[in-house]
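Working notes, structure below.
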Ligand code: GLA
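Okay, here's the thing in structure tokens:
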């Protein structure tokens with residue numbers, strides 16, 4: 001849905017429900033990560049961009065003291081949240097956890113919002129690996145800022161949203177998603193050092209190249225422990241290498257320690273997790289260089305190699321995302337496809353494909369058609385430019 005339409009639909013829904021005009025409308029985008037996957041929690045580099053898909057909240061002051069009341073259009077449910085004290089996490093994680101957690105962590109940060117009510121709408125696909133949850137958290141934090149008449153430092157804002165995800169959604173995520181949703185820059189991808197938080201905005205506004213997102217529309221997380229398990233493997237690898245974070249290790253040091261690591265319980269797996277991280281760091285640097293030079297074919301090769309590493313060493317891909325990448329690779333340069341890889345946490349979700357603009361629709365349709373024939377599942381797909389991060393929409 002075009003951005004303006006999404007804004008209007010949130011405002012209309014607010015007026016219909018509350019009988020008044022919205023005072024504040026906030027928007028926070030989802031993201032696609034171009035490369036640098038499962039690196040953020042190891043202190044490494046990520047290279048995401050915000051996408052033209054948003055969570056939008058239309059809201060206004062209310063008369064219910066100490067309370068925020070938010071209606072989620074997607075779930076057709078209303079949640080009530082205390083603005084007086086940091087409420088504890090609920091045992092069952094659902095959309096309330098992201099909203100309530102963000103409000104609670106914002107209170108803890110010293111924000112003092114006046115009572116408000118609002119309506120949440122979103123066109124970020126849920127469970128598509130495009131950070132629908134981070135966009136919800138960052139939208140809520142942006143609304144809390146507006147209702148408090150105070151802005152906080154955007155890095156602090158990203159960190160409080162990440163804290164909400166850790167403590168209330170029980171997901172030990174890195175910082176990438178909240179960071180790019182809060183701080184994305186239109187026309188640019190963000191090369192972010194997740195240890196120092198230093199960042200470089202890399203232009204990605206060449207009209208000849210398009211970023212294509214294809215959602216496999218499958219989600220395979222069975223126990224939910226796949227992500228924390230990988231985090232733990234990396235922490236163990238760092239420990240065995242005698243460094244605080246894998247960021248401080250090198251491929252040479254990993255090779256030298258190979259035998260010792262492999263002798264440990266699950267050592268083979270731990271070695272491969274670390275190898276993914278260390279090679280992904282190199283790929284991310286080479287990808288960024290290639291993008292700066294406008295050498296999309298070289299950038300694309302890093303994407304394919306990244307996917308392979310996520311498949312073989314990190315084991316977070318699945319047959320459906322493997323197939324999408326494979327179909328893209330089969331089309332190849334002659335059909336305008338530079339490269340493709342899975343994006344986000346994995347186990348389903350979406351792929352990101354770099355493609356020549358003039359051939360994007362044909363390539364995208366061809367991949368979708370073959371994917372549907374082979375799997376029986378209809379993928380969703382869209383081309384997106386790098387969008388701006390969260391904001392309060394002024395008229
Ligand atoms: C999820 C997490 C991020 C990051 C990616 C993998 O999206 O929220 O912090 O770890 O997975 O790169």
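In this note's numbering, the protein residues as written are 1 to 395.
No residue lacks a Cβ here, since even glycine has one placed at the ideal position from N, Cα and C.
Problem - residue 371 versus residue 84 - alpha carbon distance - result: Locating residue 371 in the chain shown gives position 371, where the first residue counts as 1. Locating residue 84 in the chain shown gives position 84, where the first residue counts as 1. In a straight line, the C-alpha of residue 371 is about 50 Å away from that of residue 84.
Practice task
Could you spell out where the alpha helix (DSSP H) holding residue 188 opens and where it closes?
Solution key: For the purposes of this step, residue 188 is identified with residue 188 of the chain shown, where counting begins at 1. No alpha helix (DSSP H) holds residue 188; the beta strand (DSSP E) holding it covers 188 to 193.
Practice task
Please confirm if the region 349 to 369 is in contact with the region 199 to 209, defined as three or more CB-CB distances below 8 Å between the two stretches.
Solution key: Touching, yes.
Problem - Which listed residue (217, 268, 45, 256) has its alpha carbon closest to that of residue 233 - result: Against the chain shown, residue 233 aligns to sequence position 233. Of the listed residues, the one whose Cα sits closest to residue 233 is 268.
Problem - Span separating the alpha-carbon of residue 96 from that of residue 21 - result: If you number the chain shown from 1, residue 96 lands on position 96. If you number the chain shown from 1, residue 21 lands on position 21. Each residue's alpha carbon lies about 24 Å from the other.
Exercise for the section: Output the residues surrounding ligand 1, defined as those with a CB atom closer than 5 Å to any ligand heavy atom, in chain order. Expected result: 37, 38, 40, 173, 174, 176, 177, 344, 345
Exercise for the section: Measure the beta-carbon distance from residue 342 to residue 321 and round it to whole angstroms, keeping in mind my assumption that it falls under 8 Å. Expected result: Here residue 342 corresponds to residue number 342 of the chain shown, with the count starting at 1. Here residue 321 corresponds to residue number 321 of the chain shown, with the count starting at 1. Confirmed, about 4 Å.
Problem - Nearest-angstrom Cα separation, counted from residue 302 out to residue 11 - result: Residue 11 sits at position 11 when you count from the first residue of the chain shown. Residue 302 sits at position 302 when you count from the first residue of the chain shown. Computed Cα separation, rounded: 43 Å.
Practice task
Counting only the same chain and skipping the five closest in sequence on each side, list residues whose C-beta sits under 7 Å from that of residue 141.
Solution key: The residue labelled residue 141 in the question sits at position 141 within the chain shown. Taken in chain order, the residues that qualify are 102, 106, 157, 160, 161.
Exercise for the section: Alpha carbon to alpha carbon, how far is residue 390 from residue 76? Give it in angstroms, no decimals. Expected result: Residue numbering aside, residue 76 sits at position 76 when the chain shown is read from its first letter. Residue numbering aside, residue 390 sits at position 390 when the chain shown is read from its first letter. Whole-angstrom Cα-Cα distance: 24 Å.
Exercise for the section: Give the straight-line distance between the Cα atoms of residue 352 and residue 340, rounded to the nearest whole angstrom. Expected result: The sequence position of residue 352 within the chain shown is 352, counting from 1. The sequence position of residue 340 within the chain shown is 340, counting from 1. Spanning the two alpha carbons is a distance of roughly 6 Å.
Handout entry: Proximity below 9 Å, CB of residue 136 to CB of residue 99
Key = As a working mapping, residue 136 is identified with position 136 in the chain shown. As a working mapping, residue 99 is identified with position 99 in the chain shown. Result yes, Cβ atoms of residue 136 and residue 99 sit closer than 9 Å.
Problem - Three-state secondary structure assigned by DSSP to residue 42 - result: Along the chain shown, one-based indexing puts residue 42 at 42. Three-state result, residue 42: helix.
Exercise for the section: Go ahead and label residue 311 buried or exposed: buried means 16 or more other beta carbons lie within 10 angstroms of its beta carbon, across all protein chains shown. Expected result: Here the question's residue 311 lines up with position 311 in the chain shown. Answer is buried; the Cβ neighbour count reaches 16.
Practice task
Tell me, please, which residues DSSP counts as bridged to residue 356.
Solution key: Walking along the chain shown from the start, residue 356 turns up at place 356. Paired residue(s): 209.
Exercise for the section: Measure the C-alpha to C-alpha separation of residue 363 and residue 212 and round it to an integer number of angstroms. Expected result: Taking the first residue of the chain shown as position 1, residue 363 is located at position 363. Taking the first residue of the chain shown as position 1, residue 212 is located at position 212. Near 10 Å, if we compare the C-alpha coordinates of residue 212 and residue 363.
Handout entry: Status (buried if at least 16 other CB within 10 Å, exposed otherwise) for residue 181
Key = Translated into the one-based positions of the chain shown, residue 181 becomes position 181. When all chains shown are included, residue 181 counts as buried.
Handout entry: Straight-line Cα distance separating residue 286 from residue 33
Key = Looking up residue 33 in the chain shown gives position 33. Looking up residue 286 in the chain shown gives position 286. The straight-line gap from Cα to Cα measures roughly 15 Å.
Problem - The beta strand (DSSP E) enclosing residue 76, as first and last residue numbers - result: Here residue 76 refers to the residue found at position 76 of the chain shown. Annotation: residue 76 is outside any beta strand (DSSP E) and is labelled neither H nor E by DSSP.
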